[in-house]
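FYI, the numbering used here numbers position 250 of the sequence shown as 265, with every residue one higher than the one before it.
The beta-carbon is built from N, C-alpha and C at its ideal position, and this holds for glycine as well.
Take a look at the structure below.
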Amino acid sequence: MTTQLSLSSDKILAHTEGAVGHVIFNNPERYNAVSLEMWDAVEQALSAFVENDDVRVVVLSGAGGKAFVSGADISKFEKERGSKEAVEHYNAHLKVVYELIENYPKPTIAMINGHCIGGGLNLATCTDFRIASAKSRFAMPAAKLALGYPYDAIRRLVNAVGAGAAKQLMFTAKSIDADKALQLGLVQEVVDEDSLADRITELADNIAGNAPLTIRAMKYIATQVMHRDPTARDFDRCDELVAACFASEDYVEGRTAFMEKRKPDFKGR
16 MTTQLSLSSD
26 KILAHTEGAV
36 GHVIFNNPER
46 YNAVSLEMWD
56 AVEQALSAFV
66 ENDDVRVVVL
76 SGAGGKAFVS
86 GADISKFEKE
96 RGSKEAVEHY
106 NAHLKVVYEL
116 IENYPKPTIA
126 MINGHCIGGG
136 LNLATCTDFR
146 IASAKSRFAM
156 PAAKLALGYP
166 YDAIRRLVNA
176 VGAGAAKQLM
186 FTAKSIDADK
196 ALQLGLVQEV
206 VDEDSLADRI
216 TELADNIAGN
226 APLTIRAMKY
236 IATQVMHRDP
246 TARDFDRCDE
256 LVAACFASED
266 YVEGRTAFME
276 KRKPDFKGR
């Protein structure tokens, strides 16, 4: 069953299919470049999926078959990033959305088909993992535009591919193809374009069928491992989430299903 969400911008589409929530960047004439109003709608969709217990996985993708996200909408720069104050406002707003995705309590997958550039690359590195079509290309062109990139954007790229590869991408501003992205670990799989949607569905359904409390605990702990400030890691919360797994009805169901040689029916409680 598919359920559409009503959002503040028609440049962002969102719907649920079973246990999977989809957020689609719908600005194909500009290679899915993103404006502030689009980021507002993304935040709305993600917040709605957090509140929906039926949604267990979220997939982010781009419409049109040419791009995932190509970064900020340059046509909006004069209005949205034309002054020091406007840049600060834009960056502060963007930081909220990126951190929401990076620390999202449910698994996130970037479905990349085409260009994944600049802010789009930063967005992709906020997700848990990335699956790309063979035609996809990746770039960080800031050095060609004299744009400054903040600490967290560079941290995410370094975490994804390592310092040397990240610096090469940033300093040269050159694009790489999907095979090179796979070699670097920027993406986890590369598939034919015709197979991309089916592969994403297969992965998302696989994850959605596993124990939600266990995945929530593992995701939170993995996020803590990668925390930019090691002293801020919440080990007590990590322990609480692990204990909640063992105290859950799902833990009983998992053991019972294993003994009965059937697929478990996890409820997230």
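Among the candidates the options, whose CA atom is the shortest distance from the CA of residue i?
i      : options                           : result
Arg284 : Lys278, Lys276, Ala262 and Arg145 : Ala262
Phe250 : Ile236, Ala259 and Asp244         : Ile236
Ser24  : Ala168, Leu199, Asp55 and Val257  : Asp55
Lys234 : Glu66, Asp192, Cys253 and Lys159  : Cys253
Arg243 : Ala168, Asp280, Ala181 and Leu256 : Ala168
What's the gap between the Cα of residue i and the Cα of residue j?
i      : j      : result
Gly129 : Asn137 : 15 Å
Leu11  : Ala29  : Outside the displayed span of the chain (16 to 284) sits residue 11, for which this structure offers no information.
Asp220 : Ala34  : 8 Å
Thr246 : Ala107 : 24 Å
Gly179 : Ile27  : 34 Å
Arg231 : Glu58  : 20 Å
Arg71  : Phe144 : 15 Å
Val49  : Val84  : 7 Å
Lys81  : Arg277 : 42 Å
Val111 : Glu275 : 46 Å
Leu61  : Leu109 : 14 Å
Ala149 : Gly79  : 16 Å
Phe186 : Met155 : 9 Å
Val74  : Leu228 : 19 Å
Lys99  : Ala212 : 41 Å
Ala259 : Tyr166 : 34 Å
On the criterion of 16 or more Cβ atoms from any shown chain inside 10 Å, does residue i qualify as buried, or is it exposed?
i      : result
Tyr113 : buried
His37  : buried
Val240 : exposed
Asn118 : exposed
Asp209 : exposed
Ala161 : exposed
Phe40  : buried
Taking Cβ positions, are residue i and residue j nearer each other than 8 Å?
i      : j      : result
Glu141 : Arg171 : According to the sequence displayed, residue 141 carries Cys and not Glu. Yes.
Asp265 : Ala226 : yes
Ile127 : Ala147 : yes
Ala175 : Leu201 : yes
Can a CB atom of chain B be found closer than 8 Å to the CB of residue i?
i      : result
Tyr166 : Checking the listed chains, one finds no chain B in this structure; it contains a single protein chain.
Within a Cβ cutoff of 6 Å, which residues of the same chain sit near residue i, ignoring the five residues on either side of it in sequence?
i      : result
Gly206 : With the sequence shown as reference, residue 206 is identified as Val, and Gly is not the correct amino acid for it. Contacts found: Arg214.
Lys195 : none
For residue i, which residues from the same chain have a beta carbon less than 7 Å from its beta carbon, with the 5 sequence-adjacent residues on both sides left out?
i      : result
Glu32  : Thr17
Tyr164 : Ala157
Ala134 : Note that residue 134 is Gly in the sequence shown here, rather than Ala. For Gly134, where only same-chain residues beyond five positions count, the Cβ hits under 7 Å are Val49, Val84, Gly86 and Ala87.
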